[in-house]
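Remarks on the structure that follows.
In my numbering, the protein residues as written are 36 to 211.
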């Protein structure tokens with residue numbers, strides 16, 4: 036049952052779409068990662084980049100599994116105007132509102148100019164890794180919510196995250 040999706044063209048389309056979305060929505064992660072890692076000594080940068088992204092991937096997979104589990108909670112919690120509302124409905128509603136807010140914020144920043152960026156001070160290697168992992172959760176919330184909304188297969192969502200993080204690890208090593 037775990038690998039039944041392999042013969043389904045729709046599953047492959049979902050995997051490709053989710054992977055591309057994860058990569059596109061992960062661009063802010065790479066920018067932040069570059070800023071944090073640049074504050075470390077040169078000898079520690081590559082190692083911090085790999086460990087930070089690997090830890091962030093594990094946390095993102097856990098977040099994805101948690102949200103995917105909650106969205107399977109389809110028993111009605113309450114009724115509004117004869118419409119039954121479940122935990123899944125609430126998660127998707129809140130996720131949709133978050134995505135609208137994030138898109139509006141991005142559009143506003145592109146038109147009005149970006150506010151003063153995050154002012155971070157990394158004093159240690161461990162501090163950089165923790166900072167990368169924690170802020171990746173915030174930056175990846177949009178892609179996790181999108182993944183849960185686009186696919187019913189947790190394995191496909193997780194595979195897209197792993198592939199996208201691999202691409203981000205590669206992209207983070209490039210000199211832009």
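Even glycine gets a Cβ: it sits at the ideal position worked out from N, Cα and C.
Quick caveat: nothing in here was measured; it's all calculated off a predicted structure.
Proximal residues to residue i (C-beta, below 7 Å), its chain only, five neighbours per side dropped
i: residue 91; result: 167, 168 and 171
i: residue 86; result: 164
Straight-line Cα distance separating residue j from residue i
i: residue 162; j: residue 181; result: 29 Å
i: residue 146; j: residue 52; result: 28 Å
i: residue 143; j: residue 49; result: 30 Å
i: residue 58; j: residue 119; result: 35 Å
i: residue 115; j: residue 79; result: 55 Å
i: residue 72; j: residue 97; result: 24 Å
i: residue 88; j: residue 75; result: 16 Å
Where residue i falls: helix, strand or coil (DSSP)
i: residue 113; result: strand
i: residue 196; result: helix
i: residue 186; result: coil
i: residue 175; result: helix
i: residue 137; result: helix
i: residue 67; result: helix
i: residue 209; result: coil
i: residue 85; result: helix
i: residue 148; result: coil
N-terminal and C-terminal residue of the beta strand (DSSP E) that residue i is part of
i: residue 120; result: 118 to 121
Spatial neighbours of residue i in its chain, beta-carbon cut-off 6 Å, leaving aside the 5 residues before and after
i: residue 64; result: 171 and 174
Extent of the continuous alpha helix (DSSP H) to which residue i belongs
i: residue 13; result: The chain is shown only over 36 to 211; residue 13 falls outside these bounds and no answer can be derived.
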